[in-house]
Every structure is written in C-alpha cells, then in structure tokens.
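In my numbering, the protein residues as written are 1480 to 2004. A short worksheet on the structure shown next.
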Amino acid sequence: MRPSLALLVPALLLACSSERELPREPGTLQSPIVGGVLDDGAGAHPHVVMLSGGGSICSGTLVAPNLVLTAWHCVAPMAVQGIGCDADGNSLNGDHVGPDDDPSEIRVRTGVNPSGPAAARGAQIFHPSGRNLCDRDIALLLLDRDITGITPAPLRLSHLPVPGERATVVGYGITSDGGGGSGVRRRREQVEVLAAGKDWNLLLGSSELQLSVSGCSGDSGGPAFHATSGAVLGISSRVGDCDVGPLISTALAGHTALIHQAFAAAGHPLVNEGTPAVPTKTRATGEACSSGWECLGHVCNPNGLCTEMCTPSGSACPAGSLCVESGFEIYGERVETPLCDPVPDDGSCFGCQVHQCRLRMQDCARSGACLDIARCASACLPDDDACREACVADAPSGEAAYRTLLGCTCATSCADVCAVCEEPPGVGGTGGAPSTGGAAGAAGAAGVAGSSGAAGQGGAAGTGGAAGVGGIAGAAGAAPKSNGSSGDDSGCSVGAARGGASPLGWLSLLGVAWALRRARRGSRH
C-alpha cells in the first residue's frame, strides 16, 4: 500500500537557465557554483561541456569522444511547470516533458568560458521511455562528430553512491539563488552524499541521490564526480534553494541498459570505474536507522528504527512488528498510511503478546479499540485485574478481540508477565445444540475463563467458563455452525518462561510524526 501524495507534496520546478546574464539582486555576493571556484588549472574538468539551444543552457559530461551525458529535461521541453513524484518513481501530475528537441539544434561547447563556434552538434538523443522525469532525469546526446583532445570521463555503473562519500560537482550554472554568472565552468569540491536510493522520508527514487549545497540553475545535467576516482556518480537534476540545497541528482547505476545502448551507437568503449558493488540497503524492519535509504522497507520511523508500509487487512509485517494505522512526514506534510511498527521484545506483556501471539495480536491491531485495551492492560500491575477490566470498560468495542488475544496469552509464557492466567485453568464447555452456543466451563479459583471446548456435532464450540474469585469472566457463546470444530490458537507459540512482570516499555507510534526539516519547494536548473 502506498500513501497518496498528490495533494501533499509540492511540485518541483525544473528549468535550464537563460543564456542571457541573469540580473543579480543588489548586494548579492557572487560565489562560483554556490561556494566553489573556477574550474581551471590543475584541478580542471575539461570533459564537462556546455549545451545550448532554444535560449537556454545546461551542463553535460563528455563520456566518449562523440557522446555527452546530461539530464533529460535539458534535451526536451517541459510539459508542466513543475513535477510531482513519489518514491516509487510514479508521476503525480502527468507527463513532464514533451517530444525531444531537434538534436541538430543542440550545440556543444567546451572550455572554462566557452565562446566562438560549437565543438559539435547533436545527432541523436537517448533517454528512458515515456514522459516521466521521476527517478529518470537522464539522457545521452550522440554528437555529429568526435571532440578530440579531451579524455572522456569514467562512469560508476556498478552501484549507487554510498552516503558519506565525497563528490565534486561541476557546471556552467548561476552562482546563487536569483544570482548570475552563468556560462562559466565552476566546481565545488568535498560535496557530501547525504542519501542514496529509495527513501520515503526524503522522497528519493531508487536511482536518485541527495547532495549537500552545490548546484544551481544551468548546472542541470552536470556531473557529480567521485572525489577520488573521478567517476561520474550522478547527474544534477533539481534543487530547492541553491543557497540551502539539497541538490538531487540521478544516479547512473539504475540506467545501465540505456547507457550501454548509447555507447553502442557511439562506437566507442565505455570507461567504467570498476569498483565492486557496495550494498546501501541492509537494515531490516526494527533495526536502527537515520533515514529511509538505509532500510529495506525504505522508511525510518520517529524512533530511529526501520519500518515498512503494510496493509492491515492483507500483507503481514515481519515477526516482532504490528501493522497499525500511522503516518510520517514528507517535506513537512504528514502522510497517513499503515506502517509496520517494530515492538522490542523487552519482557513487557505487550511485547510478549506481539512476539508470542503474533497472528492474534495482528487481529487485535485491526481494531483500534482492542489495541487500546492491550496497551492499557500492559501498563497494569501483574495482579491488578480491576485495572485490566477498567481498560476493557474504556474501549468496549474492542473487548471481543481482546478476549480472543487472552486465549493465546494464557497458552504461552506471556502468562508470567501478563498475569491474567493462573493455575488451575477453567475447563472448557461441552458442545451445544445446533441452535445454541455451548455451555460455559467453570473457572478454577482465582483463574480466568476456561478455553473453548470442542463443539458437538452440529453445535458451536463452548465458550470459556465464568471466572472464579479474582478471575475474568468468559465471553458470550459463539454462533452455531453446521459442523462442530475446536478453537484455533494460530499464531500462539509457547516460549520459555519470563521473569517478573514489568510495566509497558513500548509506546505505540500511532499519531507520531517525523520531525524533518521542511525543504523549500522548487528547482531551477
């Protein structure tokens, strides 16, 4: 199940900057590529080139003598003013780009401050299918001739960047939000990779990465080079505020088939970084995390634990977690959706029920009232039956599901911490006539209701007996069935006895939102 984000997440604007010098606001400090330097001298990147056409400029990388890697929105007109995406790479506002620009009208220039005739023009454009830029803002431009004297850049195709790696971002864009300086090649070094891969918390696609402050308008299509190997990690795609960041780039690792197709047409070999694959998603539900990119379920919950989306009436959560109605924030907007909430096996009654009576507890979780009773009762002292009955009285609609849960609790070591079962247990009732429920079994002294007795032929199963002194009363008889059957304790497993009871040590995550810094909307490349 996926949350609906269409009304919650602002569209991100995408556009290449004008070839004309953009006016700067009075007093605005001009700083190259948002805190960088001119890309010249010994540390220059001559394989970064400028693309122009249709009154706009973009950046790109020469990856073969006749092949430029850039952003898709640099070689096709936008069909909307902004794009809306979810972390699955689905568009929330239709097609984003129109038919490709005429490649012959796209000019490629080289140098720190390009001038004079173009070094080459476009001949053919390669990009993903469809018109959706989500998780796919990548294109390759085959040129009408080789550009000589420049060594093409290597590529990282084997795996996504790893958060914490450092990159160098290069481009021909403006130098600050609303500033000027476009058309000059600049770089910023030691830019940190903040996140990489699918992340619902950050709304990143599986082939996207997030970088710290670096790029601005006109840097679209420009590369993020690995600080050590010099391989292209990603392509600048969009940014909220150039001076604040973050910069979102499209990783190459998710588009290897497209890249190989373009190289086949170019007729030149691809230079691969060749480093071994490094997994970025290794943490299962319940393991510690800082953001969703680390988690196999793509979501990190407010307690810093990996979780995943679920469907209460359908998909099951991993052992030790419950599918409950919950929510999280995406760029400051709360999204309501069921999540697998991990429950620590901390010896509490609630934790024991989740781990020892998983299926029964999941049934209980489908009823908010039952879950309220279970949480409330777990906070009661082990021998405080009046406290538990008060919990039932506060949420009467959940009583039936809660009584069913207790049947499992009594069959496991949970009895040692939940203190709702004491020996001897009550005896189950006998099977009833077809038109009536079975008779209740009598409970033992200080015990709870007996477990359901097997039904007689044509009769319903007998319910648990009435409670003895200090016990809990049995529930009402079940409706008759055509054939008798004994009760089902599916999901109850007997574990080792636990120590003394403890109050509830786990708080439900229902209603808790992620405290994420809201990113400013918009992107202007």
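No residue lacks a Cβ here, since even glycine has one placed at the ideal position from N, Cα and C. No experiment lies behind these values; they were computed from the predicted model shown.
1) Mind checking which residues open and close the beta strand (DSSP E) that includes Arg1665?
2) In terms of residue numbering, what span does the alpha helix (DSSP H) encompassing Val1833 cover?
3) Taking a contact to mean a Cβ-Cβ separation below 8 Å, would you say Ala1853 touches Leu1884 in this structure?
4) Taking Ile1809 as part of the beta strand (DSSP E), name the residues at either end of that continuous run.
5) With H, G and I counted as helix, E and B as strand and the rest as coil, what does DSSP make of Thr1883?
6) So, with DSSP's three-state summary, where would you put Gln1560?
7) Under 7 Å Cβ to Cβ from Val1576, same chain only, skipping five residues before and after it: list those, please.
8) Would you call the stretch 1833 to 1841 and the stretch 1863 to 1873 touching, i.e. three or more CB-CB distances under 8 Å?
9) When the distance is taken between beta carbons, is Asp1518 closer than 8 Å to His1524?
10) With distances taken between CB atoms, is the gap from Asp1862 to Ala1890 smaller than 8 Å?
11) I need the straight-line Cα distance from Glu1687 to Val1833, nearest angstrom please.
12) Please go through the same chain and pick out, in chain order, the residues whose beta-carbon is closer than 7 Å to the beta-carbon of Ile1585, but skip the five residues on each side of it.
13) Per DSSP, what kind of secondary structure is Cys1785 in: helix, strand or coil?
14) Of all the options Asn1545, Gly1662, Gly1595 and Ser1594, which has the alpha carbon lying nearest to the alpha carbon of Gly1628?
15) Hey, could you find the ends of the alpha helix (DSSP H) Gly1847 is sitting in?
16) So does the stretch 1746 to 1753 actually touch the stretch 1624 to 1638, counting three or more Cβ pairs closer than 8 Å?
17) Please report the distance separating the alpha-carbon of Ser1685 from that of Gly1568.
18) Compare the beta carbon distance of Val1670 and Ser1691 with 8 Å and say whether it is the shorter of the two.
19) Could you say which of Ser1728, Asp1625 and Asn1572 lies nearest to Leu1712 if we only look at CA atoms?
20) Just verifying my parser: in three-state terms, what is the DSSP assignment at Arg1867?
21) Going along the chain, which unbroken runs of the beta strand (DSSP E) with 3 or more residues stay wholly within the stretch 1698 to 1773?
22) DSSP three-state call for Leu1620: helix, strand or coil?
23) Would you tell me roughly how many angstroms separate the C-alpha atoms of Val1648 and Gly1776, rounded to the nearest one?
24) Report yes or no: is there a C-beta of chain C within less than 8 Å of the C-beta of Pro1875?
25) Quick one: grab the DSSP three-state call for Leu1838.
26) Do Val1757 and Val1641 have their CB atoms nearer than 8 Å?
Well, looking at it:
1) Arg1665 to Ala1675
2) Cys1828 to Gln1835
3) yes
4) Ser1800 to Ile1809
5) helix
6) coil
7) Trp1551, His1552, Ala1555, Pro1556, Met1557, Ala1558, Arg1610 and Leu1612
8) no
9) yes
10) no
11) 36 Å
12) Leu1530, Gly1532, Val1554, Arg1600, Gly1601 and Leu1620
13) strand
14) Asn1545
15) Gly1847 to Ser1857
16) yes
17) 8 Å
18) yes
19) Ser1728
20) helix
21) 1702 to 1705, 1711 to 1720 and 1724 to 1730
22) strand
23) 30 Å
24) No chain C appears in the structure shown, which is made up of a single protein chain.
25) helix
26) yes
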